[in-house]
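Sequence lines, in order, name chains A and B. Take the first sequence: its letters are residues 7 to 230, numbered as in this note's numbering. Take the second sequence: its letters are residues 7 to 230, numbered as in this note's numbering. For every residue, glycine included, the Cβ atom is placed at its ideal position computed from N, Cα and C. These numbers come from a predicted model, not from an experiment. Structure first, then comments.
Protein chains: 2
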Amino acid sequence: MLPNISQTEENYLKAIFNICEKEEKSAGTNDISNEMQTSAASVTDMLKRLSEKKLINYAKYKGVTLTKKGSEVATQLIRKHRLWETFLVEKLQFSWDKVHDIAEQLEHIKAPELVEKLDDFLGNPKFDPHGDPIPDADGKFTYRKQIQLSDAKVGEWGVVVGVQEDSEKFLQYLDKQGLVLGTRIEIIEKFSYDDSIQILLNGEKELVLSDKVSRNLFIQRKNN
Amino acid sequence: MLPNISQTEENYLKAIFNICEKEEKSAGTNDISNEMQTSAASVTDMLKRLSEKKLINYAKYKGVTLTKKGSEVATQLIRKHRLWETFLVEKLQFSWDKVHDIAEQLEHIKAPELVEKLDDFLGNPKFDPHGDPIPDADGKFTYRKQIQLSDAKVGEWGVVVGVQEDSEKFLQYLDKQGLVLGTRIEIIEKFSYDDSIQILLNGEKELVLSDKVSRNLFIQRKNN
DNA sequence: ATAAATTTTTAGACTAATCTAAAAATAATA
DNA sequence: TATTATTTTTAGATTAGTCTAAAAATTTAT
Ligand SMILES: [Mn+2]
Ligand SMILES: [Mn+2]
Ligand SMILES: [Mn+2]
Ligand SMILES: [Mn+2]
Numbered sequence: 007m008l009p010n011i012s013q014t015e016e017n018y019l020k021a022i023f024n025i026c027e028k029e030e031k032s033a034g035t036n037d038i039s040n041e042m043q044t045s046a047a048s049v050t051d052m053l054k055r056l057s058e059k060k061l062i063n064y065a066k067y068k069g070v071t072l073t074k075k076g077s078e079v080a081t082q083l084i085r086k087h088r089l090w091e092t093f094l095v096e097k098l099q100f101s102w103d104k105v106h107d108i109a110e111q112l113e114h115i116k117a118p119e120l121v122e123k124l125d126d127f128l129g130n131p132k133f134d135p136h137g138d139p140i141p142d143a144d145g146k147f148t149y150r151k152q153i154q155l156s157d158a159k160v161g162e163w164g165v166v167v168g169v170q171e172d173s174e175k176f177l178q179y180l181d182k183q184g185l186v187l188g189t190r191i192e193i194i195e196k197f198s199y200d201d202s203i204q205i206l207l208n209g210e211k212e213l214v215l216s217d218k219v220s221r222n223l224f225i226q227r228k229n230n
Numbered sequence: 007m008l009p010n011i012s013q014t015e016e017n018y019l020k021a022i023f024n025i026c027e028k029e030e031k032s033a034g035t036n037d038i039s040n041e042m043q044t045s046a047a048s049v050t051d052m053l054k055r056l057s058e059k060k061l062i063n064y065a066k067y068k069g070v071t072l073t074k075k076g077s078e079v080a081t082q083l084i085r086k087h088r089l090w091e092t093f094l095v096e097k098l099q100f101s102w103d104k105v106h107d108i109a110e111q112l113e114h115i116k117a118p119e120l121v122e123k124l125d126d127f128l129g130n131p132k133f134d135p136h137g138d139p140i141p142d143a144d145g146k147f148t149y150r151k152q153i154q155l156s157d158a159k160v161g162e163w164g165v166v167v168g169v170q171e172d173s174e175k176f177l178q179y180l181d182k183q184g185l186v187l188g189t190r191i192e193i194i195e196k197f198s199y200d201d202s203i204q205i206l207l208n209g210e211k212e213l214v215l216s217d218k219v220s221r222n223l224f225i226q227r228k229n230n
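The structure is reproduced here in structure tokens:
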């Protein structure tokens, strides 16, 4: 069925998936070269190969999109990545800011039975340590209604359910401020001067978050 | 300190380690080509590269041995391989005949902290599911006095502690016969005709094992 | 000690993945 | 629409890892 797919090819597929996901568009050569940190020329080479393998839809000078096959591969990679991150945090006691790079390696292990056993061992989690949904064996993502904290209005409150970024720096900042998943947040005030936002943390501590932070935090709005 | 070592280079180092270990000699080009399933020409190429990186002692037409550095790398790989095999069996409920190939992939994950956390999570095991010793973080192997079942004498008894081979076929055969690690074995009779051996299993069941099987089984001799 | 057999290395070529520099196509602007 | 700027592709090289066929070195046997 599927041709053999190298680790490098897998990474390109994931990059294309992310770009198409985030920007809701087809991925351009430069977008990919940017995401992969390789030259545009290398990307063009790779696009030809992926196209040959029917993993992407490619026509010169037009952007690319994933085929059904390509999309399945990318989704399985994301599934593995997030399951391993969950394992590292839940079972091996890693902190959430240290697991991404290790999962980048683990996601390439090819052993379908391993993935399913790992999933069971972890209790079939629906979200990873950063609040990102873990697709199931069929590639289905659990959908959750969430907004960026920056879009919440004064007086509203909600619970932190995810982060947009998983850089070590950002996650460590959140740890320091006690902004872990599950934290209750109430919006006290918003300052249009610099788009910073003042919040109340678990009804206890008030603090001000920068625009950048509040755009990278997902909350689930609670009414009343 | 260490140069970057590719997955392929790691596999060569492990192959050389195994050959030198088993045969107690330096490894020849053909030995390695045999173990790695690559041509002798490819091996020569690789030996030059490994030598350049000071991982092996190499002189044209002489065999090769691992340097201190090379030996350390190989030992860490074996440590990772056996820890992962233990994880797969103990935590994910894989049977012992299915874990080797997956561990061949997992052993290449580069994340020192992961290895130590995995070790702790597993309770710092000293032996893997096949009875092979797991080197500690410093590369020390636990030594255990063991003999091949084929070397035991009539009337002696012992306990199965390991296997020489981890092929799926052999391990499945052992499962079928109830010859798992920890089984008590008493030698009833030895047939010089074909070097087969008749044993009593856990004081319950008698059976005859071929020469090939008895040479691939390690027991710890018990006196009394 | 020669000759024959075996082992090992060299020569030359191929593929995947990468690069830089230059050319071509497309998009934006005047 | 013509010019300019940006994006993308091509051309030509490089490196790691592999191969086959042939040459060279070493070992074994006569
Ligand atoms: Mn991640
Ligand atoms: Mn994540
Ligand atoms: Mn193994
Ligand atoms: Mn083992």
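- A check of alpha carbon separations from Glu58(B) across Gly76(B), Tyr67(B), Lys68(B) and Ser45(B) identifies Gly76(B) as the nearest.
- In the DSSP assignment, Arg227(B) falls within the unbroken beta strand (DSSP E) covering Leu223 to Lys228.
- A direct Cα-to-Cα measurement between Glu113(B) and Leu120(B) gives close to 11 angstroms.
- In the structure shown, the three-state DSSP call for Asn63(B) is strand.
- For Val167(A), the distance from the CB to the nearest heavy atom of ligand 3 is not below 8 angstroms.
- Environment of ligand 2, chain-ordered: Arg88(A), Glu91(A), Asp134(A), His136(A), Asp138(A) and Asp172(A), taking every residue with Cβ within less than 6 angstroms of a heavy atom.
- Residue nearest to Lys132(B) within the set Thr92(B), Asp201(B), Tyr179(B) and Ile194(B) is Thr92(B) (criterion: CA-CA distance).
- The closest CA to that of Gln178(B), considering only His136(B), Phe197(B) and Val160(B), is found on His136(B).
- Residues of the region 173-203 of chain B whose Cβ lies closer than 8 angstroms to any Cβ of chain A: none.
- Residues of chain A whose Cβ lies closer than 8 angstroms to the Cβ of Lys116(B) are, in chain order, Gln111.
- Judged by beta-carbon spacing, Val167(B) lies within the 9 angstroms limit of Gln152(B), meaning their Cβ atoms are closer than that value.
- The residues Val105, Ile108, Ala109, Leu112, Glu113 and Leu124, in chain order, have a CB closer than 8 angstroms to that of Trp90(A) in the same chain once the five nearest residues on each side in sequence are set aside.
- For Lys104(A), the nearest CB of chain B lies under 9 angstroms from its own CB, placing it at the interface with that chain.
- If you check each beta-carbon in the region 81-101 of chain A against every beta-carbon of chain B, the ones closer than 8 angstroms belong to Leu94, Lys97, Leu98, Gln99 and Phe100.
- With a threshold of 16 other beta carbon atoms within 10 Å, Asp144(B) falls short and is exposed.
- As for any alpha helix (DSSP H) of minimum length 4 sitting wholly inside the region 163-218 of chain B, the runs are 174-183, ordered along the chain.
- Distances taken from the Cβ of His114(B) to the heavy atoms of ligand 4 include none shorter than 8 angstroms.
- For the region 115-138 of chain A, residues whose beta-carbon sits nearer than 9 angstroms to a beta-carbon of chain B comprise Ile115, Lys116, Ala117, Glu119, Leu120, Lys123, Leu124, Asp126 and Phe127.
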